[in-house]
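Protein chains in written order, with this note's numbering: chain F, 1 to 489; chain B, 490 to 978.
Next up, the structure:
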């Protein structure tokens, strides 16, 4: 369980990324020669092996090619054009009872085996996380736990951890009181409790189209109806349409992922988040904000959540450490605004409290201060991985494919050529030991039949490149029908 | 965080208990002289200090008195008679919507502070648990965890732990398949998921009268109605009445604690459990069996659960390690019979998975084999503590009090003299830094207004004896009304 050697991998990845950006920006064009390894070593103070690693990486992605005894050259993109973005969906209007099909569990299960290429996984590679340091925090924090902590912290949860979470909000300018925070078993429990607090069986709730399947499962479990609203692949939910459905169908809440939406990867601009909060406030409508990916941003600062613009306590903000620090620890939280006490009670009623040793370990880890360093390294890795998968899809998938470079997170949403059946593709890919998440998982009406979500949670390598080529071949060879798929999820 | 010195305390407690049994059985009668310390040392091979400790313990409980230079004599019981048992309740017929009052949360919160005598706590003293050994298991098991375990075990949970749980069932003669077991965040989550699997909003569910308040909270959360059935303080629910309400009101399930019921401490005899299962099978009615206290038995073997008589998979058996091994770890499970896949999915939908490091630690601890030794020691401690609290109540509480010696677990249910208001007593006791659980918490109609549940989770000592006397004085001084309390919970 060794930590990843972050320094070494970062250097060559950074160099590769810089060159890739120059290629993307047209500074280096197809046929151009890259600076020689010797030149690059000299100009940047890097070792030859670092530079070679960067060039190999670019070569493995098909961005450059090696010419014997001549050096490296920028490769021509197949077709020479960028693929178009996925189109915004046009879901049926009205609310819809939710019935998640059995197949969703089989699909989720199939992504788990180690010998499967995990393009369908919901988690990034665990090797990206500081598991050794977390373990040391677990050891030292439990050494200091007193027996009475084992029952005293049931239920309010570890106060130090709540404080650390509140401090992280504060650094973003959000003044969240420590006692607004309800610790939960991952964001999933937080989201479920918040949904339970705002809606009763038969009520309707607004979701994005496409939406994260966990939202659909939660709606089904509570007997709620879904209202789907068109959601743009870069900018998130359509506010005009949202206002229409609010007025028409009187939903009881919205469940939205405003930052790096799953599966789209969309990032709602901050002004749009502000407008969203204002719109919901006009209608007294609570927003359940699922915000588990916001630490996985590009650039200098995490995007602000909609919660930042909430003055009335209508935003129930949910997040966790599962996607950015400790997937198996299952520690998340809600900051449920004016419904904090209600959510806390629901927590008390459903599972009493979190696991004391695990909460203490995270509190210790956060207090020690290595979290931001880890996050920087994780963000760099994911950025390279996003680019690699996006580029590979762009290069290999056939004409008619639509794909957008995600703004953060680790999902790439792909619209396949019209008539290609994502469910059939899922089965064919699984036969080749490749998992993926077919589009119908992300809709209560099993729409998005020619869409797939791919996960770039692994360090990019030749096997992933090959798997992308295999997928592209399966897409290319797939029968295409104009009629809806005969095998809806 | 040191483990309790179990050997030393066990010896004197065992001696004290043996003498106490001889007193209870009339072998030693009021006025009889106890064997001298010297005789007892010689006949039993004990040290003088051990024998003195035993005699001091009996003295602190008022069972014996010391006469200077003459030795120890059996004390006369005040009044000389045993108190009667609590009466079986006669709840209103029909089903009842559940609305748990805010006060319940305040009451639960009040039991938590360290400086309060925790007669109202739901947990035994954490010093009774092998926290050091658990910690070592946490350290060594996480050392062996591989990174991929952090996501591979999400969701099915730690397979080793499931196997250890299945092996413990097997030792009782119950053949539960490993994959029937769904790991949860404590029994509370297991119970909630099982309830979610068998009933929908508006349905009615049978509960005991009195019943554990968590059952009421769960019913409320899911919009279910409660049907209360009279429950005997030693033998559990009335099967004749159960059959009547099944035929009259067509409930969708029963939620029962068949072994050491909370709050009664009742233990349904095994033949009655068999009849219960047969009755429910005739009506195709699932039983949610809340069985978290069965390890806290007296005698040679744990009472079998109703699950042992289930041939059709209708019993959803729920338990945890929270009451007998690791309160703060929050690891429980369900063995939901034919609804195992349904419950597993609900688990997946609501909180995905348990905490990987904590599950691995418990698996390691159980495999190492010290669990049974710990349980023997815990059972001995709790037996002495149950006897001590029961005796203290019997001695100090006024005429008209009814109390039954619990068959296991760590709760003593007390019926106060008619007209004494348990809610007022709760407030008065809290002002004296003593918590307790007032009877109205255990009923959807806030009945049991002159009942309290006392917890004997601590090593008995002079402070607890004094607190019992204080409670007795408060009961004695309490105004008594024939009218129902003006302050229902």
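No residue lacks a Cβ here, since even glycine has one placed at the ideal position from N, Cα and C.
Note that this is a predicted model, so its numbers are computed, not measured.
Just the Cα atoms here: how many angstroms apart are residue 731 of chain B and residue 423 of chain F? The sequence position of residue 731 of chain B within the second chain is 242, counting from 1. The sequence position of residue 423 of chain F within the first chain is 423, counting from 1. C-alpha separation (whole angstroms): 49 Å.
8 Å is my cut-off, CB to CB: does residue 707 of chain B come that close to chain F? Position 218 of the second chain, counting from 1, holds the residue named residue 707 of chain B. Yes - at least one Cβ of chain F is within 8 Å of the one on residue 707 of chain B.
Tell me, which residues are paired with residue 673 of chain B by DSSP? Your numbering for residue 673 of chain B matches position 184 in the second chain. Paired residues: B:821.
Select from F:437, F:61, F:258 the residue whose C-alpha is nearest the C-alpha of residue 464 of chain F. Taking the first chain and counting its residues from 1, the one referred to as residue 464 of chain F is at position 464. Selected option, being the one with the closest Cα: F:61.
Can you name the residues of chain F whose CB is closer than 7 Å to the CB of residue 674 of chain B? As a first step, residue 674 of chain B must be located in the second chain, where it is residue number 185. Ordered by position in chain F, the residues that pass the 7 Å Cβ test against residue 674 of chain B are 185, 351.
In whole angstroms, what is the alpha-carbon distance linking residue 80 of chain F and residue 136 of chain F? Reading the first chain from its first residue, position 80 is the one you call residue 80 of chain F. Reading the first chain from its first residue, position 136 is the one you call residue 136 of chain F. Any reading at residue 80 of chain F must be qualified, since the residue scores a pLDDT of 45, below 50, and its modelled position is unreliable; no value is offered.
Residue 649 of chain B: contacting residues in chain F (beta-carbon distance under 8 Å): In the second chain, residue 649 of chain B corresponds to position 160, counting from 1. The contacting residues do not exist; residue 649 of chain B stays about 15 Å from chain F at best.
Check whether chain F comes within 8 Å of residue 949 of chain B, counting only Cβ atoms and requiring the distance to be less than that. On the second chain, residue 949 of chain B is found 460 positions in, with the first residue counted as 1. Not one chain F Cβ lies under 8 Å of residue 949 of chain B.
Residue environment, residue 99 of chain F, which counts as buried when at least 16 other CB atoms sit within 10 Å: Locating residue 99 of chain F in the first chain gives position 99, where the first residue counts as 1. Its Cβ having fewer than 16 others within 10 Å, residue 99 of chain F is exposed.
Is the CB-CB distance between residue 305 of chain F and residue 231 of chain F below 8 Å? Counted from its first residue, the first chain places residue 305 of chain F at position 305. Counted from its first residue, the first chain places residue 231 of chain F at position 231. Against a cut-off of 8 Å, the Cβ pair of residue 231 of chain F and residue 305 of chain F comes out as no contact.
Rounded straight-line distance, which links the Cα of residue 349 of chain F to that of residue 185 of chain F: Reading the first chain from its first residue, position 185 is the one you call residue 185 of chain F. Reading the first chain from its first residue, position 349 is the one you call residue 349 of chain F. Spanning the two alpha carbons is a distance of roughly 14 Å.
Which complete beta strand (DSSP E) runs does the region 870–944 of chain B hold, if anything under 3 residues is left out? 900–904, 940–944
What does DSSP give as the partner residues of residue 807 of chain B in its beta bridges? Your numbering for residue 807 of chain B matches position 318 in the second chain. Beta-bridge pairing links residue 807 of chain B to B:779, B:823.
CA-to-CA distance, residue 877 of chain B to residue 562 of chain B, given in whole angstroms: Counting from 1 along the second chain, the entry for residue 562 of chain B is found at position 73. Counting from 1 along the second chain, the entry for residue 877 of chain B is found at position 388. In a straight line, the C-alpha of residue 562 of chain B is about 18 Å away from that of residue 877 of chain B.
Give the residues of chain B in contact with residue 365 of chain F, contact being defined as C-beta atoms less than 9 Å apart. What you label residue 365 of chain F is simply residue 365 of the first chain in a count that begins at 1. Going along chain B, no residue has its Cβ under 9 Å from residue 365 of chain F, so there is no contact; the nearest lies around 13 Å.
So which residues on chain F does residue 594 of chain B lean against when the C-beta distance must stay under 8 Å? Here residue 594 of chain B is taken as the residue at index 105 of the second chain, counted from 1. Neighbours of residue 594 of chain B on chain F, chain order: 345, 348.
Residue 354 of chain F at chain B interface by Cβ criterion, 8 Å: As a position in the first chain, residue 354 of chain F is number 354, starting the count at 1. Yes, residue 354 of chain F counts as interfacial toward chain B.
Residue from F:377, F:293, F:357 with nearest C-alpha to residue 406 of chain F: If you number the first chain from 1, residue 406 of chain F lands on position 406. Comparing Cα-Cα distances from residue 406 of chain F to each of F:377, F:293, F:357, the minimum goes to F:293.
Just to make sure I have the definition right: I need the residues of chain B whose C-beta is within less than 7 Å of the C-beta of residue 201 of chain F. Which are they? Against the first chain, residue 201 of chain F aligns to sequence position 201. The contacting residues are 690, 712.
C-alpha distance - residue 863 of chain B paired with residue 342 of chain F, whole-angstrom precision: Numbered from its first residue, the second chain carries residue 863 of chain B at position 374. Numbered from its first residue, the first chain carries residue 342 of chain F at position 342. Spanning the two alpha carbons is a distance of roughly 38 Å.
Would you say the region 925–944 of chain B touches the region 577–586 of chain B, given that touching needs at least three Cβ pairs under 8 Å? yes
Neighbour-count burial assignment, residue 762 of chain B, 16 or more Cβ in a 10 Å radius: Here the question's residue 762 of chain B lines up with position 273 in the second chain. Residue 762 of chain B comes out buried.
For residue 178 of chain F, return the contacting residues in chain B, with the cut-off set at a CB-CB distance below 9 Å. The residue given as residue 178 of chain F occupies position 178 in the first chain. Ordered by position in chain B, no residue passes the 9 Å Cβ test against residue 178 of chain F, which lies about 17 Å from the chain.
Quick check on DSSP: helix, strand or coil for residue 233 of chain F? Reading the first chain from its first residue, position 233 is the one you call residue 233 of chain F. Residue 233 of chain F falls in the coil class under three-state DSSP.
Any alpha helix (DSSP H) of 4 or more consecutive residues that is wholly inside the region 638–714 of chain B: 638–641, 648–660, 675–687, 702–710
Of all the beta strand (DSSP E) runs that stay within the bounds of the region 227–286 of chain F, which reach a length of 3 or more residues? 253–256
Three or more C-beta pairs closer than 8 Å, one from the region 911–926 of chain B and one from the region 850–869 of chain B: is that the case here? no
What distance in whole Å lies between the Cβ atoms of residue 745 of chain B and residue 188 of chain F, which are believed to be in contact at a cut-off of 8 Å? Against the first chain, residue 188 of chain F aligns to sequence position 188. Against the second chain, residue 745 of chain B aligns to sequence position 256. In fact, because the Cβ distance is near 30 Å, the residues do not count as touching under 8 Å.
Look at residue 386 of chain F and residue 410 of chain F and say whether their C-beta atoms are less than 8 Å apart. Along the first chain, read from residue 1 onward, the residue named residue 386 of chain F stands at position 386. Along the first chain, read from residue 1 onward, the residue named residue 410 of chain F stands at position 410. Yes, the pair counts as a contact, with Cβ atoms nearer than the cut-off.
According to DSSP, is residue 79 of chain F part of a helix, a strand, or is it coil? Locating residue 79 of chain F in the first chain gives position 79, counting from the first residue. Legend: pLDDT at residue 79 of chain F = 43, less than 50; position of this residue unreliable, value from coordinates given subsequently. The answer is helix: DSSP assigns residue 79 of chain F an H, G or I state.
When Cβ atoms are compared, which residues of the region 141–160 of chain F fall closer than 9 Å to chain B? 142, 143, 144, 145, 146, 147, 148, 149, 150, 151, 152, 153, 154, 155, 156
Residue 553 of chain B by DSSP, collapsed to three states: which one? Locating residue 553 of chain B in the second chain gives position 64, counting from the first residue. Of the three classes helix, strand and coil, the one that applies to residue 553 of chain B here is strand, per DSSP.
In the DSSP assignment, what residue or residues form a beta bridge with residue 95 of chain F? Start at 1 with the first residue of the first chain, and residue 95 of chain F comes out as number 95. DSSP output for residue 95 of chain F lists F:227 as bridge partner(s).
Helix, strand or coil for residue 598 of chain B? Go by DSSP, reduced to three states. Residue 598 of chain B sits at position 109 when you count from the first residue of the second chain. It is helical.
Using a Cβ-Cβ distance under 8 Å, would residue 404 of chain F count as near chain B? For the purposes of this step, residue 404 of chain F is taken as residue 404 along the first chain, with counting starting at 1. For residue 404 of chain F, the answer is no, since every Cβ of chain B falls outside 8 Å of its Cβ.
Is DSSP giving residue 545 of chain B helix, strand or coil here? Walking along the second chain from the start, residue 545 of chain B turns up at place 56. Residue 545 of chain B falls in the helix class under three-state DSSP.
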